[in-house]
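J.:
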Amino acid sequence: VGRVVGGAVAWLGANSGVRIWSRVLDELMKRIEILIRKKRLSEFGCLQLDAEVRRLGTWARGLNGNGNGNGGDLGGTDRLKQIAKLVNALDFEDVRIMSSEPGWRLKKSEIRGYLQLRVEAIPNAEQLVKTLK
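Read in order, the letters of the sequence shown are residues 4 to 136 in our numbering.
Right, dumping it as structure tokens:
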């Protein structure tokens, strides 16, 4: 991605370059989210997803247009971070607390869908599904 957009960023200038990076990375995050929805995740798979999403967020923060790595999260990894946090929930109460936090971006239907990706069900899953309807 960097090789494709990098030259254009230098040519267009910092502001336009940041906007281009932001759009490219947003599209990349959407596609990763689509791929995640097609998976089944074991407990280890959930932990690995969390580690990969964190690594991706670190990489995206480094793409702030000036190369110093201190920029904001241009890649829009917030949703991916919430998905990883959700599939790693230990029980119903964890999910309930997470989904009521300010800034939570996943809809109830999405929460149900992502929890169904887990191979092992979380305790009290039936209660959770009833609550989220």
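Yeah, the Cβ is synthetic: ideal placement off N, Cα and C, and Gly gets one too.
Nothing here was measured: the structure is a model prediction, and the numbers come from that model.
What would DSSP say about R57, mapped onto helix, strand or coil?
T.: In this structure, R57 counts as helix in the three-state DSSP scheme.
J.: For W108, I'd like the list of residues in its chain whose CB is within less than 7 angstroms of its CB, leaving aside the five on either flank, ordered along the chain.
T.: Reading off the sequence shown, one finds Arg at residue 108, where the question assumed Trp. Closer than 7 angstroms at the Cβ level, and outside the excluded window around R108, lie D81, R82, Q85.
J.: Once you ignore the five residues that flank V98 on each side, which residues in its own chain have a CB closer than 8 angstroms to its CB?
T.: If we look at V98 and ignore the five residues flanking it on each side, its Cβ neighbours are L89, A92, I114, L118, I125, L131.
J.: For L50, collect the residues of the same chain with a Cβ closer than 8 angstroms to its Cβ; drop the 5 residues on either side in sequence, then sort them by chain order.
T.: Same-chain partners within the cutoff: N91.
J.: Going by DSSP in three states, L120 sits in which element: helix, strand or coil?
T.: Correct three-state label for L120: coil.
J.: Taking the alpha helix (DSSP H) that E96 falls in, what are its first and last residues?
T.: Residues 95-102.
J.: In or out: L38 buried (at least 16 other Cβ within 10 Å) or exposed?
T.: Its Cβ having fewer than 16 others within 10 Å, L38 is exposed.
J.: Which runs of the alpha helix (DSSP H), 4 residues or longer, sit entirely within the stretch 24-57?
T.: Here no run is fully enclosed.
J.: Does DSSP put L109 in a helix, a strand or coil?
T.: Coil.
J.: Leaving out the 5 sequence neighbours to the left and right, which residues in its chain are closer than 7 angstroms to M101 when beta-carbon positions are compared?
T.: So the qualifying residues of the chain are K88, L89, A92, W107.
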